[in-house]
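Asker:
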Amino acid sequence: MVLRIAIVGGGVMGASTALQLAESGRFGAGEVALFERRELGAGSSGRSGAILRCHYADREVASMARDSLDWYAGFAAKYGADIGYVRCG
Numbered sequence: 288m289v290l291r292i293a294i295v296g297g298g299v300m301g302a303s304t305a306l307q308l309a310e311s312g313r314f315g316a317g318e319v320a321l322f323e324r325r326e327l328g329a330g331s332s333g334r335s336g337a338i339l340r341c342h343y344a345d346r347e348v349a350s351m352a353r354d355s356l357d358w359y360a361g362f363a364a365k366y367g368a369d370i371g372y373v374r375c376g
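With the numbering used here applied, the sequence shown covers 288 to 376.
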């Protein structure tokens, strides 16, 4: 086992990057590591408004945002962790 990728910062971007790399099938166990000095998501990501929106002027960005709503909705079932996602509005 050799660490190939070190991600510093466990906010939304760092955690998402680590997850996507780990699930990509391109790296073995222990080759991707996420380092955070506090708790995951405790920095600026933890203080965000936690609002997901899908209304953007750019069609491609709007499409990605709509796809992400399904990803968030299925997070608890896939990973066994409740992230507090509630679809409303």
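Using N, Cα and C, we set each Cβ at its ideal position, and we do this for glycine too.
At what residues does the alpha helix (DSSP H) containing residue 295 begin and finish?
Answerer: Translated into the one-based positions of the sequence shown, residue 295 becomes position 8. Note, residue 295: premise wrong, no alpha helix (DSSP H); beta strand (DSSP E) at 292-295.
Asker: Under the assumption that residue 289 contacts residue 318 (Cβ atoms under 8 Å), give the Cβ distance between them as a whole number of angstroms.
Answerer: For the purposes of this step, residue 289 is identified with residue 2 of the sequence shown, where counting begins at 1. For the purposes of this step, residue 318 is identified with residue 31 of the sequence shown, where counting begins at 1. About 7 Å; that satisfies the 8 Å criterion.
Asker: Buried or exposed: residue 305, going by 16 or more other Cβ atoms within 10 Å of its Cβ?
Answerer: Reading the sequence shown from its first residue, position 18 is the one you call residue 305. Its Cβ being crowded by 16 or more others within 10 Å, residue 305 is buried.
Asker: What did DSSP end up calling residue 337 once you bin it into helix, strand or coil?
Answerer: If you number the sequence shown from 1, residue 337 lands on position 50. Residue 337: coil per DSSP, three-state reduction.
Asker: Could you name the residues of the same chain whose beta carbon sits closer than 8 Å to that of residue 314, not counting the 5 residues immediately before and after it, in chain order?
Answerer: Here residue 314 corresponds to residue number 27 of the sequence shown, with the count starting at 1. 291, 292 and 308, listed in sequence order.
Asker: By the DSSP assignment, the beta strand (DSSP E) with residue 322 in it spans what residues?
Answerer: Here residue 322 is taken as the residue at index 35 of the sequence shown, counted from 1. 319-322 is the extent of the beta strand (DSSP E) around residue 322.
Asker: Do you know how far the Cα of residue 372 is from the Cα of residue 363?
Answerer: As a working note, residue 363 is residue 76 in the sequence shown. As a working note, residue 372 is residue 85 in the sequence shown. Rounded to whole angstroms, residue 363 to residue 372 spans 9 Å at the Cα level.
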